[in-house]
Amino acid sequence: MQNKYPQKPGIDFILKQAFFYWNKTLVYQLMFSIFYFGIFLTVLFFFDARYNILNQYAEAAQYAKDGMEVYSAQLMKMMSNDGFRKFSWALIGTTIFLYPLNLGFYQIYRKIDLKEKPELGDLLVGYNGINFFKYIGYYIFWFFVFSYTFQTIILAVIWVLITLFVAPLMFFTDKRIFEAISLNFKALKMYFLEILVCTIVAVFFKYVGFTLFFIGGLFTFPFWNAMIYSLYRTVFSEKR
13 MQNKYPQKPG IDFILKQAFF YWNKTLVYQL MFSIFYFGIF LTVLFFFDAR
63 YNILNQYAEA AQYAKDGMEV YSAQLMKMMS NDGFRKFSWA LIGTTIFLYP
113 LNLGFYQIYR KIDLKEKPEL GDLLVGYNGI NFFKYIGYYI FWFFVFSYTF
163 QTIILAVIWV LITLFVAPLM FFTDKRIFEA ISLNFKALKM YFLEILVCTI
213 VAVFFKYVGF TLFFIGGLFT FPFWNAMIYS LYRTVFSEKR
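For the sequence shown, the positions run 13 to 252 when the numbering used here is used.
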């Protein structure tokens, strides 16, 4: 399977395409969020019941009125606790485990393109056989690079942009991680403005549902995948 770059599309076309995929799969967006948050919150409350981290954080937050230095000292004290480390690693592990759930949307969107009927089981395609370990391995790599770059913000944004297409390239064309990053980088140089604008829109819309109507966030939270697929489908043309 080869990749080539077609004539540049308009940003409006990419956005309309992303919202089309999202609108066609609202039931799957909801099921994704129920499954994702159901597991994540279960783990969070289970480990919080053991280590009481949320209450410790609430107590530390009260020191914010005394200045950032005092507040930071309280946070560092809490974070040095062994229970906090176990709590954090449990949440990180859960997030890593849930990542392949995103790959299911690529299967669903491709079926829409092929005029096939998606099934609920398509959401779990990322957990099939060796695929699970492949995508988990990639996300572990992605997450730890992101966690180190996040402190600078700008580097974190750059990391997100140069890895935006890695998952769909791995899924559709079976590319290896660094080969996919190389293709992603080439695409970014050619379509920087389109990718940047669409990424900003995707991040905003992803969380806007929680700020306006909390239940709406269950539908908007997975929107990121629709935008990535719309960009991928426009930027890369697959040829067997």
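Think of the CB as a built atom: it goes at the ideal place given N, C-alpha and C, for glycine as much as any other residue.
Quantities reported herein were computed from a predicted structural model and do not represent experimental measurements.
| task | Provide the residue span of the alpha helix (DSSP H) that contains isoleucine 174, from first to last. | result | 166–174
| task | Please go through the same chain and pick out, in chain order, the residues whose beta-carbon is closer than 7 Å to the beta-carbon of tryptophan 171, but skip the five residues on each side of it. | result | Val157, Phe158 and Thr161
| message | If contact is defined by three or more beta carbon pairs under 8 Å, each pair taking one atom from either stretch, is the region 239–249 in contact with the region 58–70? | response | no
| query | Hey, is the region 88–102 in contact with the region 111–125, meaning 3+ C-beta pairs nearer than 8 Å? | reply | no
| Whose C-beta lies closer than 8 Å to the C-beta of lysine 146 among residues of the same chain, with five residues either side of it excluded? | Met182
| message | Quick check on the burial criterion: 16 or more other C-beta atoms within 10 angstroms. Buried or exposed for arginine 252? | response | Here the model assigns arginine 252 a pLDDT of 37, short of 50, so the residue's position is not dependable, and the following value carries that caveat. Its Cβ having fewer than 16 others within 10 Å, arginine 252 is exposed.
| Count the other CB atoms within 10 Å of the CB of methionine 13; is the residue buried (16 or more) or exposed (fewer)? | Its pLDDT being 39, under 50, methionine 13 is placed unreliably in this model, and the value from its coordinates should be taken loosely. Methionine 13 should be labelled exposed.
| said: Quick check on the burial criterion: 16 or more other C-beta atoms within 10 angstroms. Buried or exposed for lysine 198? | reply: exposed
| field | Coil, strand or helix - aspartate 24 by DSSP | value | helix
| query | Are the region 91–106 and the region 130–146 touching by the rule of at least three beta carbon pairs closer than 8 Å? | reply | no
| message | Cutting at 6 Å between CB atoms, please list the residues of its own chain near tyrosine 69, excluding the five before and the five after it. | response | none
| query | Three or more beta-carbon pairs under 8 Å between the region 38–51 and the region 216–235, yes or no? | reply | yes
| CB of phenylalanine 96 within 8 Å of CB of tyrosine 75, strictly | no
| query | Under the three-state reduction of DSSP, which class applies to arginine 122: helix, strand or coil? | reply | helix
| field | Separation of glycine 149 from proline 18, as counted between CA atoms | value | Confidence in proline 18 is poor, its pLDDT being 43 and thus under 50, which makes the residue's placement unreliable; the coordinate value appears in the next sentence. The straight-line gap from Cα to Cα measures roughly 31 Å.
| request: Report the residue from Gly22, Val82, Asp24 and Ala30 whose alpha carbon sits nearest the alpha carbon of lysine 317. | output: In the structure as shown, the chain begins at 13 and stops at 252. Residue 317 is therefore absent and cannot be evaluated.
| field | Alpha-carbon spacing of alanine 238 relative to tryptophan 34, whole angstroms | value | 6 Å
| message | Going by C-alpha to C-alpha distance, which of Val213, Arg188, Cys210 and Val178 sits closest to asparagine 196? | response | Val178
| Alpha carbon to alpha carbon, what distance is there between alanine 214 and isoleucine 26? | 11 Å
| Do the CB positions of glycine 105 and aspartate 134 come within less than 8 Å of each other? | no
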